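Data first, discussion second: the structure below is written as structure tokens.
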Amino acid sequence: MTTSLRVLITGFGPFPGAPFNPTVPLVKQLARLRRPALDDVTITTHIFDVAYATVDSELPRLLATHRPHALLMFGLAARTRWLRIETRARNAMTTIWPDQHGARIRKGAIAGTANARAFGPHVFKLLHAARRTGIDARASRDAGSYLCNYLCWRAVEAADHQAGPRLAAFIHVPALKRDGSAAVPGGMTLAHLVDAGEAMLMEMVKAARQTRL
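Counting along the sequence shown from 1, when you hit position 89 you're at 231 in my numbering, and nothing is skipped either side.
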């Protein structure tokens, strides 16, 4: 019997300065997709609280429970008007902004190792897939120094282990209004993000299948 491909899709909840996080409805809509190419794919979703302790406790549990072959993560970059496909995680943490639970980091690095951890060449396939939907998508080398970057680091760290996901990717999305309309005239809508998200999910599934050959 062929084991189904497993994909974990994550987003983040609201955080200080962002009472609405569009990754929540985006993740929900991607989970509802019904496509022939996804017939043998088990999709699990999760929304993280924007808190370091939450990521540290919930990510390992999710990976151990669902054992995903691919991890597709979304976060909000409120000041960016395009889709940002992150290519790496930086070994950096902000000491200025507290997380949703009020925790404030006292050191500016995640670990005492490399300056950055790369996701891998598959992220550029996701970039091209997103662009084919007609939206503005760009590669990014800077995931910030807040929870999105922290999750990036922990995800790449997990993917480096044999028992972890084979592939991981993180995409920053722009802000939206609560009704899914664009936050700025001519900007992206939730429908745009879902189209691009579907294209990237399909590419992620294809890449994960290739790693199983």
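Note that CB positions come from ideal geometry on N, CA and C, so glycine has one too.
Just so it is clear, the structure is predicted and the values come from calculations on it, not from any experiment.
query, result
"Classification of Phe216 by the beta-carbon crowding that lies within 10 angstroms, buried from 16 upward", "buried"
"Delimiting residues of the alpha helix (DSSP H) encompassing Arg248", "Where Arg248 is concerned, there is no enclosing alpha helix (DSSP H), given that its DSSP letter is neither H nor E."
"From Thr255, Ala341, Leu172, Gly159, residue whose alpha carbon lies closest to that of Gly153", "Leu172"
"Backbone CA spacing between Gly244 and Arg174 [nearest angstrom]", "33 Å"
"Beta-carbon contacts of Val192 that lie in its chain and below 7 Å, excluding the five residues immediately before and after", "Phe154, Gly155, Phe157, Asp241, Gln242, Leu289"
"Residues of its chain near Ala350, where Cβ-Cβ distance is below 8 Å and the 5 sequence neighbours each way are ignored", "Leu147, Val149, His211, Ala212, Arg308, Leu309"
"At least 3 beta-carbon pairs within less than 8 Å: the stretch 315-334 vs the stretch 215-229", "yes"
"Terminal residues of the beta strand (DSSP E) in which Val183 lies", "183-190"
"Whole-number beta carbon distance between Pro167 and Gly329, since they are thought to touch under 8 Å", "Incorrect: roughly 16 Å between the Cβ atoms, too far for contact."
"Outcome for Pro202 when other beta-carbon atoms lying within 10 angstroms are tallied against a minimum of 16", "exposed"
"His334 burial status per 10 Å Cβ neighbour count (16 or more: buried)", "buried"
"Ser199 versus Asn257: straight-line alpha-carbon distance, rounded", "24 Å"
"Beta-carbon proximity list for Thr186, same chain, < 6 Å, skipping 5 on both sides", "Leu150, His208"
"Proximity winner among Ile189, Ile277, Arg296, Gly276, relative to Arg259 (alpha-carbon distances)", "Arg296"
"Option nearest Ala285 by Cα separation, candidates Arg230, Arg176, Val169", "Arg230"
"Exposed unless 16 or more other CB atoms sit within 10 angstroms - verdict on Pro178", "exposed"
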